[in-house]
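Everything below concerns the one structure shown next.
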Amino acid sequence: MAIEQIGDYEIEYSGVHLVESNGWAAWVEIFGPSHNPMHRQPVFPAQRVAVETSFASQQEAEREARRIAIGMIEQGRHHATPG
Numbered sequence: 084m085a086i087e088q089i090g091d092y093e094i095e096y097s098g099v100h101l102v103e104s105n106g107w108a109a110w111v112e113i114f115g116p117s118h119n120p121m122h123r124q125p126v127f128p129a130q131r132v133a134v135e136t137s138f139a140s141q142q143e144a145e146r147e148a149r150r151i152a153i154g155m156i157e158q159g160r161h162h163a164t165p166g
């Protein structure tokens, strides 16, 4: 599992092995700002993304999970910007 700080957000992403298909799934969890540094504020619970896709490798699944997580943060910033 990889952890990355993107602005005020922390993303966790990983490739999870799918036993039934022998492929890999992309998983993401996103945490937002918190007033308590010992507590992370979940804003997107851990779940599979790109659910229709089974990736050939863990690295491919992780790349897609990261891309989706960054896109979600950017989309959230766009919607939060007034004007």
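With positions in the sequence shown counted from 1, the corresponding number in this note's numbering is that position plus 83. Yeah, the Cβ is synthetic: ideal placement off N, Cα and C, and Gly gets one too.
When secondary structure is reduced to three states using DSSP, residue 115 falls in the strand class. According to the DSSP assignment, residue 133 belongs to no beta strand (DSSP E), since it is labelled neither H nor E. Measuring C-alpha to C-alpha distances from residue 110 to each of 159, 135 and 119 identifies 135 as the nearest. Note that the stretch 84-101 touches the stretch 140-159; at least 3 beta-carbon pairs, one per stretch, sit closer than 8 Å.
DSSP lists 115 as the bridge partner or partners of residue 124.
Residue 90 sits in coil when the DSSP states are folded into three classes, being neither helix nor strand.
At the C-beta level, residue 145 and residue 97 come within 8 Å of one another.
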